[in-house]
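Sequential numbering of the sequence shown, starting at 111, is according to my numbering.
Where is the CB? At the ideal position from N, CA and C, for every residue including glycine.
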Amino acid sequence: MAENELKAYKFSLLGPLRAWRGTEEVALGSPQQRAVLAMLLLRRGHTVGVADLVDGVWGTEPPQGAVSVVRTYVSRLRKLLEPVRPPGQSPGILLSIGDGYVMASDTVACDVTANDAAVAQAKHHLAAGEGELALRLLNTAMATWGTPALAGVPGPYAESARTDLAERRLGTMELKLRVELELGGHEAVVAELLALRDAHPLRESVSELLLVALYRCGRQAEALEAYARTRRTLVDELGIEPGPSLRALHARLLAGDPALAQPIPSARAGGDEDGDTPGTPDTLDTSDATPRPEPDGPGSPARRGDKVRPSQLPADLVTFTGRRSELVRVAALLPDDDPAPATTADTENAATTATSTAIAVIDGMAGAGKTTLAVHWAHRIAHRFPDGSLYVNLRGWDPGASRMNSGEALERFLVALGVAPHAVPEGLDAQAALYRSVLSDRRMLIVLDNARDTEHIQPLLPGASGCLVIVTSRSRLSGLVARHGAHPLTLGLLSAEESRELLTRRLGSARVDAEPEAADAIVDLCARLPLALAIVAARAAHHPGFRLADIAAELRSDHGSLDAFAAGQEAGSDARAVFSWSYNALSPEAAGLFRRLSVHPGPDVSTAVAVALAGMPRRQVRALLTELTGASLLMERVPGRFVFHDLLRAYAHELITNQHSMYERDTTVLRLFDHYLHTAHQASAVLDPFRETISLSPGRSDSVPLRFNDGKQATAWLRAERHVLRSLVEYAADDGHHNHAWRTAYALDLYFDRLGYRHDLMEINKAALRAARALGDPVGQAHALRSLGFGHTRFGHTDEALRLLSRALGLFQQAGDAFGQARTHRCLAYLANETGRYDDSLDHYDQAGELYRSLGHHGGEASVLNEIGWTYILLGDAERALEHCEKSVSLHQEAADLNGEASAQDSVGYAHHHLGRYDAAVRRFELAVELYQELGNGYLEADTLRHLGDSHRAAGDHGSARTAWAAALALLEEGGHTEADEVRQSLRELAQGDEGDEGGPHR
């Protein structure tokens, strides 16, 4: 799409959500789809994760399949926004970034941005003394607002955004009225101010404007009555007195201050050009006026002497290391010190920073180095804040009752800013109002360390612009991001390079370079967690005679526990103690889930498995997982899949070991194994309903397996759980749950092979064989031996494959298991084909077919016919092959076995290719590709696409061959399969014009 087409869209959010392409209005779809669009527009230029979109549209109760629904909405929005985008071309407006989406900031126009830009420009005019120009801009800005903003858009994010936009509208209205007042329009604004006061009776800034307007109209008595009414409302509803600014204005009214009577000529009603919320007009400024005592208290809380410049930042860490990319990201929050934007684009950019205080939120797990990064960054930028810096450790996660409340922090800040201690008012709201007033004309850097939640820090946020607030927390302060536009930065682990650099900075390069392997081992054993590395480095520094190899050996001996990460009695230097502060703040239900998750072998845990472990409803478990991720005790790697840090896993394992009986722990583990065993067999039954099954005893726990609606869902589960399933079978075998081990492995063998996970399958079946032998179960041993033998065939280990398959066949024969015998004969036939023993192969297939017929298993019989046809192709008899493969297709179609039919259609195409019937081959290959796509089997789809490309090339259609091979390559690369190299070579040969010969397709 051309650049001018991308910029043709205009969006309105300051009323009902609407969009125009040129002059034509565009229908934006369902309310939920509009909610997704609104969220992307309000955060345009920033990536919005799918999980955030789900939460923003539905909150804590999303529907089943909410992630898929969101992706559908995004797909529809892309079609709406770029209807003429050619297939295959990347979107130009709504982009995919990681597991989220971003609305390109330079491709759409939005009334919110235009409104903010107009207000920002008005403030620049005010700063230059151009009040008339400022008023025209503010009138234009106010004309764009509807009531309410985002009308009809559902969801918690839209509701929060409506509140924020309403506050911005009110602030703009106040600024407009303030400017009119200072330009001499006091009579014109009285009626509007009275209506605004009635609508917002607790808003003291509106009352101030009303008092001044009435006073200038000669209505002093009404002004005093207006003050009395506001005071009564505040006392009755909130139990507080008016703030210092309104009280000072009241005192000046009583005194008949002549300075209030007339507006000043310059009409600089907006205060500092950097202000966000309009400040008090110069004629109302009480900071330089003589304090006038009031009957009910001291005078205005005057600052002690000249303006105080606090400098409260803790010392920077001399050995600070790494975090370069994070520092680059946070540095982008501070705009250049440019007094005025020069272009429209600059104006829009300025609007996003000039109209609000910048807030950075650094979150992450305990020990990730949040405070260290915040303090280091604060020192780097402190020179840009001439009025000083404030710092407070809010102790949001400290144990016991040591958490600092917001009022205590405010009192400290106010005193640091020069307010006399006796003048600090009572009550959190009054303190916060005074704090915002004191900061209204200052540019300050404020660090709020170790916050518990959004409510903990909200009173500590400045009301005007010009300040930067840096917040650290173990919680993801989504409320701060939603309501205040804070910029989140989740702090992960150090890279391996940064971790080694940390050791070098603390121990010296000579010591680390002398034992590089030991240093790398320490990095791995500390799992790249800064706290753990610092603790170990401190131990090494205190013992300069210790070899790093000995320290690494000590860590290995304690691996799986936290004993090696205790550095004495100091709070914050013991990993176990630091983790406990987060753990102790959890609800009892979340703490219980945290402990139970530790029995999972990893590497990640799905929501469904968490439900199985907890034995609670899914909705409740989802809320508990949100609580755990919010406390940074879990990380959500992708939507719905959660990971432990290694040290947190060790901590959780200690807890379940110490706080649960052996019976409780074993019951939790059994729930885990039951869930995976029965879910794996559910997936197997969906993927191949005609495959022979083994008997399963009912689960011994109340763990409920997943159900799959189709093969795509089942395949997606196998892909997502691939590494977990390997770990789980090994875990079950080692933990004495032998039946679970080999029966779970049985459900996986065929599909892991189809997906190309053959190395995993070898390790899974080794564990299954150990488990079956421990049970003394010959059938279990035979299944494991058969799968291992077939795996060795895949890897070309023919002798070992023959040995294992022969042993498996003997065990099946002893047990009288006809299904097992038939499967093993097919494996032996495949091995014979691989070694050129085609007569032996046909003999094994004949025996397998006879066994299936005796069992009445038509699916097995059809599969054998297909495999016989393939053998005849290898023998060079394509006509006979075609006969057998066509019979196989018919039998599979009669049974509605899509997987079997796809395989047989591929074989029919293969036979046609060898007969030189390339058009017929292409048709059959395309049928097979469609079936594999429907089944979601990307690996076999790629295999058939390779055959399709071979037939196109043999027919001279190089363009179609290139298309088929490129599609195959994409699927193989996505799955990490080694066959991708062969496809790349085919594409290179095609590009070089190497026709090659027209032999059979790759198989």
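Continuous alpha helix (DSSP H) stretch holding residue i: start and end
i      : result
Phe523 : 516-526
Val160 : 160-168
Arg490 : 480-491
Glu134 : No alpha helix (DSSP H) holds Glu134; the beta strand (DSSP E) holding it covers 134-136.
Leu306 : 296-309
DSSP-derived helix/strand/coil call for residue i
i      : result
Ala129 : strand
His652 : helix
Pro403 : With a pLDDT of only 33 at Pro403, under the threshold of 50, the placement of this residue in the model should not be trusted, and no figure is reported.
Thr778 : helix
Asp909 : helix
Arg801 : coil
Cys327 : coil
Ile580 : strand
Phe818 : coil
Leu468 : It is worth fixing the name first, because residue 468 is Ala in this sequence and not Leu. Three-state DSSP puts Ala468 in a strand.
Phe922 : helix
Asp448 : Because the pLDDT of Asp448 is 38, which lies under 50, any placement of that residue in the model is unreliable, and the question is left without a value.
Thr945 : coil
Asn503 : strand
Asp382 : In this prediction, Asp382 has a pLDDT of 40, which is less than 50 and means its spatial position is unreliable; what the coordinates show is noted afterwards. DSSP places Asp382 in coil when its eight states are reduced to three.
Met726 : coil
Ile567 : helix
Within 8 angstroms, strictly: CB atoms of residue i and residue j
i       : j       : result
Leu919  : Thr934  : yes
Arg553  : Phe495  : yes
Leu895  : Leu871  : no
Leu1001 : His1022 : no
Tyr856  : His833  : no
Leu612  : Thr908  : no
Leu293  : Leu303  : no
Leu782  : Ala722  : yes
Leu187  : Tyr119  : no
Leu604  : Pro640  : yes
Ala842  : Ala881  : yes
Glu627  : Arg657  : no
Ala276  : Val471  : no
Leu444  : Leu578  : yes
Asn875  : Leu838  : no
Gly1046 : Thr825  : yes
Val557  : Tyr501  : yes
Ala592  : Tyr211  : no
Gln792  : Arg829  : no
Leu601  : Asp426  : no
Per-residue burial, residue i [other beta carbons within 10 Å of its own, 16 or more giving buried]
i       : result
Asp162  : buried
Gly1066 : exposed
Phe922  : buried
Ile207  : exposed
Gly353  : buried
Tyr761  : buried
Gly265  : buried
Ala441  : exposed
Glu226  : The sequence given here has Asp at residue 226, not Glu. Looking at its Cβ environment, which holds 16 or more other Cβ atoms inside 10 Å, Asp226 is buried.
Tyr773  : exposed
Gly1059 : buried
Leu123  : buried
Leu1025 : exposed
Endpoints, the beta strand (DSSP E) within which residue i is located
i      : result
Tyr867 : No beta strand (DSSP E) holds Tyr867; DSSP gives it neither H nor E.
Cys220 : 218-220
Asp559 : 555-561
Phe704 : Element bounds for Phe704: not the beta strand (DSSP E) but the alpha helix (DSSP H), 698-707.
Does the count of Cβ pairs from the segment 798-812 and the segment 1031-1039 closer than 8 angstroms reach three?
no
Evaluate the contact criterion for the segment 992-1000 versus the segment 943-958: three or more CB pairs, one atom per stretch, below 8 angstroms.
Judged by Cβ distances under 8 angstroms, the segment 992-1000 makes no contact with the segment 943-958, as fewer than three pairs qualify.
Is the segment 242-255 touching the segment 287-306, taking contact as three or more C-beta pairs under 8 angstroms?
yes
Does the contact criterion of 3 or more C-beta pairs under 8 angstroms hold for the segment 1004-1019 versus the segment 1046-1057?
yes
Quick one: any contact between the segment 357-365 and the segment 321-337, if contact means 3 or more CB pairs under 8 angstroms?
yes
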